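Residue numbers (my numbering): 812 to 989.
For each residue, glycine too, the CB sits at the ideal point set by N, CA and C.
Values in this document were obtained by computation on a predicted structure and should not be read as measured data.
Just below is one structure, and these are the notes that go with it.
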């Protein structure tokens, strides 16, 4: 893709970088409060959540471990069948776990991850932390314990979120006009 046409596909900034960072610090403070006397394993659902996880754990001041898992349900802009791409290396049995998600929309992927971890990995406690929430798209009722922003039903990119692996590098979250 050529640089000139690359950026023409971007719409307006939905959430600017400074607003993202303020909200992430708020979420980190709540996690610290909730787990002030305990350790937490943060599980990042790759790839879209990597920037959010990185910033989030930089603000959290409790003992923590990090691991990565990868489930996918998107092909381009269309949701599809959930597939496991990368599993955990960390043993989370009897540990507090926070699954870090870039976006909660239909709830299908989050529900799948929660059931998978509970049924096969046996954590003591498991919570979901989602930077973005498209409540209007929800098909399965899932609990988001730590939520950044409720957003409209638009396809978005930036800050780790992509369109066919492009635009993850943007510091803001933008509407994609592809």
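(message) Going by DSSP, what residue range makes up the alpha helix (DSSP H) through residue 847?
(response) Taking the chain shown and counting its residues from 1, one reaches residue 847 at position 36. Counting along the chain, residue 847 falls outside any alpha helix (DSSP H), and DSSP gives it neither H nor E.
(message) Once the 5 residues before and after residue 938 are set aside, which same chain residues still bring their CB inside 6 Å of it?
(response) Taking the chain shown and counting its residues from 1, the one referred to as residue 938 is at position 127. Cβ neighbours of residue 938 beyond the five flanking positions: 909 and 956.
(request) State the DSSP-derived secondary structure class of residue 935, mapped to helix, strand or coil. (result) Residue mapping note: residue 935 aligns to position 124 of the chain shown, counting from 1. Reduced to three states, the DSSP call for residue 935 is coil.
(message) At 3 residues or longer, what runs of the beta strand (DSSP E) sit wholly inside the segment 818-877?
(response) For the segment 818-877, whole beta strand (DSSP E) runs of length 3 or above, ordered along the chain, are 821-826 and 851-856.
(request) Just tell me which of 934, 948, 976 and 820 has its CA closest to the CA of residue 860. (result) The sequence position of residue 860 within the chain shown is 49, counting from 1. Nearest option by C-alpha distance: 976.
(request) Counting only the same chain and skipping the five closest in sequence on each side, list residues whose C-beta sits under 6 Å from that of residue 979. (result) For this step, residue 979 is matched to residue 168 along the chain shown. If we look at residue 979 and ignore the five residues flanking it on each side, its Cβ neighbours are 971 and 973.
(message) I want to know whether the segment 924-938 touches the segment 892-908 - three or more CB-CB distances under 8 Å.
(response) Result yes; three or more Cβ-Cβ pairs closer than 8 Å.
(request) Could you tell me the distance, in whole angstroms, from the CA atom of residue 896 to the CA atom of residue 857? (result) Within the chain shown, the letter at position 85 stands for residue 896. Within the chain shown, the letter at position 46 stands for residue 857. Those two C-alpha atoms are separated by around 9 Å.
(request) My understanding is that residue 919 touches residue 855, with C-beta atoms under 8 Å, so please give their C-beta distance in whole angstroms. (result) Taking the first residue of the chain shown as 1, we reach residue 919 at position 108. Taking the first residue of the chain shown as 1, we reach residue 855 at position 44. About 19 Å separates the two Cβ atoms, so there is no contact after all.
(request) Buried or exposed for residue 829, please, with buried defined as at least 16 other CB atoms from any protein chain shown within 10 angstroms of its CB. (result) Taking the chain shown and counting its residues from 1, the one referred to as residue 829 is at position 18. It counts as exposed.
(request) Give the DSSP-derived three-state secondary structure of residue 946 in the structure shown. (result) As a first step, residue 946 must be located in the chain shown, where it is residue number 135. DSSP places residue 946 in helix when its eight states are reduced to three.
(message) Determine whether the beta carbon atoms of residue 822 and residue 988 lie at a separation below 8 Å.
(response) Taking the chain shown and counting its residues from 1, one reaches residue 822 at position 11. Taking the chain shown and counting its residues from 1, one reaches residue 988 at position 177. In this structure, the beta-carbon distance from residue 822 to residue 988 falls below 8 Å.
(message) Is the beta carbon of residue 871 closer than 8 Å to that of residue 843?
(response) Stepping through the chain shown from its first residue, residue 843 is reached at position 32. Stepping through the chain shown from its first residue, residue 871 is reached at position 60. Taking 8 Å as the Cβ cut-off, residue 843 and residue 871 qualify as a contacting pair.
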